[in-house]
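Input: a single structure, listed below in structure tokens.
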Amino acid sequence: MLLLGDSVAAGQALPLSQAVASSGAYFVDETSTGGGNVVGPNAEAQWEELPERLAEAEGGVVVYQITSYDWGTREDQREAYVRLASVAADSDADLLLVSMPPIEPDEFYADHMDELAATSEVAAEVAAQDDGTEFLDASEVWGEEYSREHDGQVYRSSDGIHTCPQGAAEFASWLLDELVGLYPGFEPADAEEWANAGWSSDELFTGC
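Going by this note's numbering, the first residue of the sequence shown is number 37, and it counts up by one from there.
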């Protein structure tokens, strides 16, 4: 499994790397703080290296956590997700497009919320037209709207964007379950094997 995404995904990669390894699979963290997007600002710079980076996923699966930088028109987004699916296919890898966690926008994001709101629908349309691509709706983890707490646990940072250890762990557990449905031969490790492996103290988690 190769994970692409921004700093939100970087936080999720911490437990996910442990969870995937405990499940007997190989994990590659290709997240990027302050970027990681395939459409929107500075995406073209990422595309210069992306095909080579995705080659590490050969014969496996690329998971793209849709980022908070996926700005642009619906057509811009569609072209980027189709292009990503094509590059993944070149490495004989499947592509999983995962919806981004809802955010509480500051001034930086305020003008782009309509664009971000379209990403899930566009990703689902792309997946419906490509056998090697699946769209996964993570609202089961995060809810439809931003909320710091779920069932009394702090899932999200006070900055309104990032995740906290409990949310990242819940996401990892959810994604493993989704993989079972897509790949019946995959057997996820019990959470006890990876949830308390020390990753929760990482400095990436702030405002928790």
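In this text, a Cβ means the ideal position worked out from N, Cα and C, and glycines have one as well.
With distance defined between alpha-carbon atoms, name the residue in Leu120, His148 and Gly203 nearest to Glu85.
Looking up residue 85 in the sequence shown gives position 49. Among Leu120, His148 and Gly203, the Cα nearest to that of Glu85 is on Leu120.
Taking C-alpha atoms, which residue in Gly188, Arg192, Tyr117 and Arg184 lies nearest to Ser156?
Here residue 156 refers to the residue found at position 120 of the sequence shown. In terms of CA proximity to Ser156, Tyr117 leads the group Gly188, Arg192, Tyr117 and Arg184.
For the alpha helix (DSSP H) holding Tyr62, just list the boundary residues, first then last.
If you number the sequence shown from 1, residue 62 lands on position 26. Run containing Tyr62: none; DSSP gives neither H nor E here.
Alpha carbon to alpha carbon, how far is Asp106 from Ser194? Give it in angstroms, no decimals.
Walking along the sequence shown from the start, residue 194 turns up at place 158. Walking along the sequence shown from the start, residue 106 turns up at place 70. Approximately 22 Å between the Cα atoms of the pair.
If you compare alpha carbons, which of Glu180, Ile102, His186 and Asn232 is closest to Met136?
By one-based count along the sequence shown, residue 136 stands at place 100. Nearest C-alpha to Met136 among Glu180, Ile102, His186 and Asn232: Ile102.
Which residue wins for smallest C-alpha separation from Ala153, given the options Phe171, Leu131, Val190 and Arg110?
Against the sequence shown, residue 153 aligns to sequence position 117. The shortest CA-to-CA distance from Ala153 to any of Phe171, Leu131, Val190 and Arg110 is the one to Arg110.
Could you check whether the region 155 to 171 touches the region 124 to 138, counting it as contact only if at least three pairs of C-beta atoms, one from each stretch, sit closer than 8 Å?
Judged by Cβ distances under 8 Å, the region 155 to 171 makes contact with the region 124 to 138, as three or more pairs qualify.
Look at Leu50 and Trp210 and say whether their C-beta atoms are less than 8 Å apart.
Residue 50 sits at position 14 when you count from the first residue of the sequence shown. Residue 210 sits at position 174 when you count from the first residue of the sequence shown. No, the pair does not count as a contact, with Cβ atoms beyond the cut-off.
Can you check whether the CB of Ser68 is closer than 8 Å to the CB of Asp42?
The residue labelled residue 42 in the question sits at position 6 within the sequence shown. The residue labelled residue 68 in the question sits at position 32 within the sequence shown. Contact flag set, yes.
If you draw a straight line from the C-alpha of Ile197 to the C-alpha of Gly47, how long is it?
Position 161 of the sequence shown, counted from the start, is the residue given in the question as residue 197. Position 11 of the sequence shown, counted from the start, is the residue given in the question as residue 47. Taking the straight line from one Cα to the other gives about 11 Å.
Span of the beta strand (DSSP E) around Gln101:
Numbered from its first residue, the sequence shown carries residue 101 at position 65. Counting along the chain, the unbroken beta strand (DSSP E) around Gln101 starts and ends at Val97 to Gln101.
Ignoring anything shorter than 4 residues, give me the alpha helix (DSSP H) runs that lie fully in the region 70 to 115, in order along the chain.
The region 70 to 115 is shown to contain whole alpha helix (DSSP H) runs of 4 or more residues at 79 to 90, in chain order.
Going by the beta-carbon positions, is the gap between Asp128 and Glu92 smaller than 8 Å?
Within the sequence shown, numbered from 1, the residue matching residue 128 stands at position 92. Within the sequence shown, numbered from 1, the residue matching residue 92 stands at position 56. No, they are not a contact pair.
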